[in-house]
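FYI, UniProt numbering numbers position 249 of the sequence shown as 249, with every residue one higher than the one before it. Below is one structure, written out as structure tokens; the observations come after it.
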Amino acid sequence: MAIITISRKIASFGDETAIELAKLLNYNFIDRKSLEKDLLAKGISEVQLKKYDERKPGFWASLSRERDSYFDYLREAVYEHASSGNSIFIGRGGFAILRNVPGLYSVRLVAADDIRISRLMKEFNYSEKEARALMEESDNNRDGFHKNFFNTVNEDSSEYNLVINTGHISPLQAAEIIKYGLEKTISKEDAALGDKRLKELLLAQKIVNHISFDLKLQIYFLEADISEHEIILHGVADNAGLIQKAIDVAQEMAGGRKVSSAISMVNEYKPFP
């Protein structure tokens, strides 16, 4: 299967292009509402969504366990959708979450500021001042979101297979360009390798989320590196018993893989709540 991620500036025809592309390719379109529904079902609160969803979190919010649960469940939701079939994701750092998955085709949509301001004025019946303020707030939040969660710059063109200026083309034209690029870039072999890798990443994330949020074991910054035959746990803990418990839990879920630990022991570690 193939996966398309669309990163976009506000008023650069992001959703409109994704909708047209989904029609052209007969792919599933995973939009903001789809992911929000998934996150709420996994226990993420409305408050967390408002605090973190494509927003630049404040200093203390960026250090909290709430931030970790939002991020880890977001990754799980993205992996679940991507594993279920050919998919198009818009925003939410999809290109960064899936960047090492074979078969990924990542796209960035941009447009000049004056064009975006004009579109916002028309869409919301805003004055130029109001539209500019909304544009700048959105740009700042999206920049901060990607920096905080992925330590990446979403304006960096090297992150994408394709960057399109939608200033003077329609959403359908942009979708046709993306379709052509996808078909010329992603092979069936890439897509098959991606399918296998997504299943691995989903399993690893489910292990992390089960340990961290179902069992509430106090292992901080928990991650699971997964390959065909092995899972390695990473993180920080202050109790050897907790580390062994995490290994035992992961081993039960590992599907025959060997589980080992690279979790660091730090005495009396004091996380931000």
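All residues carry an ideal CB built from backbone N, CA and C; glycine is no exception.
Specify, as a first and last residue, the run of the beta strand (DSSP E) that Val266 falls within. It is not in any beta strand (DSSP E) - Val266 carries neither H nor E in the DSSP assignment.
Proximity to Leu172 [Cα-Cα], best of Thr5, Arg55, Arg8, Ile19: Ile19
Length of the line joining the Cα atoms of Arg99 and His81: 15 Å
Going by the beta-carbon positions, is the gap between Ala175 and Thr17 smaller than 8 Å? yes
Mind checking which residues open and close the beta strand (DSSP E) that includes Asp72? No beta strand (DSSP E) holds Asp72; the alpha helix (DSSP H) holding it covers 65-84.
In terms of DSSP beta bridges, what is Asn165 paired with? Val110
Selected residue, minimal CA-CA separation from Asp238, among Lys199, Tyr220, Ile247: Tyr220
When the Cα atoms are used, what is the spatial distance from Ser12 to Leu120? 10 Å
Candidates Gly43, Tyr105, Lys37, Glu54: which alpha carbon is nearest Leu182's? Tyr105
If you measure between the beta carbons of Ile4 and Val107, is that distance less than 8 Å? yes
If contacts are defined as beta-carbon pairs under 8 Å, then Leu242 and Ser261 qualify, I think. What distance do you get, rounded to the angstrom? Going by Cβ atoms, the distance from Leu242 to Ser261 rounds to 11 Å, so no, they are not a contact pair.
Residues near Arg92 by beta carbon distance below 8 Å, same chain, minus five either side: Arg32, Leu35, Asp53, Glu54, Leu74, Val78
Would you mind listing the alpha helix (DSSP H) stretches within the UniProt domain "BON" (199-267) that are 4+ residues and don't spill past its ends, in chain order? 240-253
Classify Gly256 as buried or exposed, calling it buried when 16 or more other Cβ atoms lie within 10 Å of its own Cβ. exposed
Please report the residue range of the alpha helix (DSSP H) in which Arg32 lies. 32-41
Delimiting residues of the beta strand (DSSP E) encompassing Phe95: Unbroken run through Phe95 is the alpha helix (DSSP H), 94-97; no beta strand (DSSP E).
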